[in-house]
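Encoded as structure tokens, the structure appears first; notes follow it.
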Ligand SMILES: NC(=O)C1=CN([C@@H]2O[C@H](COP(=O)(O)OP(=O)(O)OC[C@H]3O[C@@H](n4cnc5c(N)ncnc54)[C@H](OP(=O)(O)O)[C@@H]3O)[C@@H](O)[C@H]2O)C=CC1
Ligand SMILES: O=C(O)CCCC(=O)O
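So, in structure tokens, the structure goes:
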């Protein structure tokens, strides 16, 4: 820690801003006293410090969750439901402060940050309602004098490892169903965005979540992740982040046979057919590409456009992209904040220079923004060849690369030519084409004439290298439940 002045967040409720971990109902520092420094990606200002914890603190958090589990899983569903509903209400009551904390640590605009808090609270509300509807089954018996019952029981302690791009919603999408069905958990937010997690912890306490139900640890990802994956007390791991780390965590979970949910990388195609409503397609592409500056696993990564409308679509998309105002997310006119860090800028630059070296043209943008730092010009590339790196790799930045295709078959072949399978989008009007294309797309989420597909009511998740399991919706609780079958004999 230094004497540097921290940025003034001007919170109405300054108590929401904590620089401590929540373990067993206590707000604590790392055993070593060490901290991680968190800076505002827009200004470089110091936002604050998060404890740099490791294995020992994580083991204590897991132990606390195991103790709390005994009572929490026995609480009446409607009691758990009421607490979660209270948390939802508190999130809305404090939306301005929560959004300010989120923007300060992550960079997205305040409008997007508020949108994320609404989205995030939505998971809490949704699962507060689901809590009361975790039904079992009665199966007609296969023998005389027997009844067969099926109950759904909470799996136990869950671990949630979450990324920096949606610092609030990725936590509630995991903890919401976990808490609702009677599990307790340990949350490890990304090191770049711990304060949204801590603020949620404050509100969870105020809502009445008993101590040990919500534990939050920050610090060394390797040591915390090591303990969360090898400790037999953790029965489920839910992770959102890169495919590389997801694969590593799966491997680490194998010896203790944990149930896992993995929400990993994407390489979303956004296909525009020649019968599409062009203006709607452009609006959809803007939403699917530039939300959170393209830093989303469902962001359109490859824009595939049919030859007959290619030039017109490219012109319109470039015109709309040129209008996007870049700057500090606290400025109400700004619609694109900074990228999260220099590594993100380097990756975007690498993708652009590789495509240009292979023959692509820059229609708009293409370089770091004059504001400096990690601000980047929203970019449209045309005539991108298929051997460009950007066709294979998730850019996670504000670059829309346009590829040309001739036929439906070619579009489907190009779209599916990726190890990933999270989200895909397409615009068309012919109903036969629509059914054929959504049936042929090998992805978990498909937006048809829609560029925005996220919500608490839908099953979010991917296939292939994009992961395992679904989050949100009525399916989102399944991964936190075990099925227990009871053969009731001798009747
Ligand atoms: N599917 C998605 O939504 C996301 C995809 N990505 C993709 O991944 C790329 C890299 O982003 P990055 O932030 O580095 O993503 P990571 O996968 O590295 O990080 C996501 C989370 O995993 C944690 N983590 C990292 N290493 C380990 C480990 N060995 N054991 C346990 N936990 C670990 C991180 O902690 P810590 O922050 O402390 O390192 C963070 O909480 C992006 O450019 C993007 O392509 C990134 C974020 C989200
Ligand atoms: O990037 C992610 O992993 C989360 C996507 C946010 C969403 O749309 O739910």
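Residue numbers (our numbering): 16 to 506.
Backbone N, C-alpha and C fix where the C-beta goes; we use that ideal spot for every residue, glycine too.
Asked                                                                                                  : Found
Span of the alpha helix (DSSP H) around residue 215                                                    : 210-222
Three CB pairs or more closer than 8 Å across the segment 292-306 and the segment 258-276              : no
CB of residue 122 within 9 Å of CB of residue 352, strictly                                            : yes
Range covered by the alpha helix (DSSP H) that runs through residue 14                                 : What the structure shows of the chain is the stretch from 16 to 506, and residue 14 is not part of that stretch, so it cannot be assessed.
From 420, 495, 334 and 298, residue whose alpha carbon lies closest to that of residue 465             : 298
Proximity below 9 Å, CB of residue 194 to CB of residue 100                                            : no
Cβ separation of residue 62 and residue 131, assumed to be a contact under 8 Å, to the nearest whole Å : With 8 Å as the limit, residue 62 and residue 131 do not qualify as a contact, their Cβ atoms being about 17 Å apart.
Beta strand (DSSP E) runs wholly inside the segment 106-175, at least 3 long, in chain order           : 152-154 and 162-169
Touch test, the segment 150-170 against the segment 56-73, Cβ-Cβ under 8 Å, three pairs minimum        : no
Limits of the unbroken beta strand (DSSP E) element including residue 503                              : 496-503
Pick from 275, 215 and 196 that is closest to residue 243, judged by C-alpha positions                 : 275
Simplified DSSP assignment, three categories, for residue 87                                           : helix
Opening and closing residue of the alpha helix (DSSP H) in which residue 373 lies                      : Here residue 373 belongs to no alpha helix (DSSP H), and DSSP marks it neither H nor E.
CB-CB length for residue 416 against residue 374, believed under 8 Å                                   : Wrong, their Cβ atoms sit about 12 Å apart, outside the cutoff.
Contact test: residue 308 Cβ vs ligand 1 heavy atom, cutoff 8 Å                                        : no
Helix, strand or coil at residue 319 [DSSP, three-state]                                               : strand
Proximity below 9 Å, CB of residue 117 to CB of residue 182                                            : yes
Beta-carbon spacing of residue 506, residue 229 below 9 Å                                              : no
Assigned secondary structure, residue 79 (DSSP; H/G/I helix, E/B strand, else coil)                    : helix
For residue 383, the three-state DSSP class (helix, strand or coil)                                    : strand
Burial state of residue 301, where buried means 16 or more other Cβ atoms lie within 10 Å              : buried
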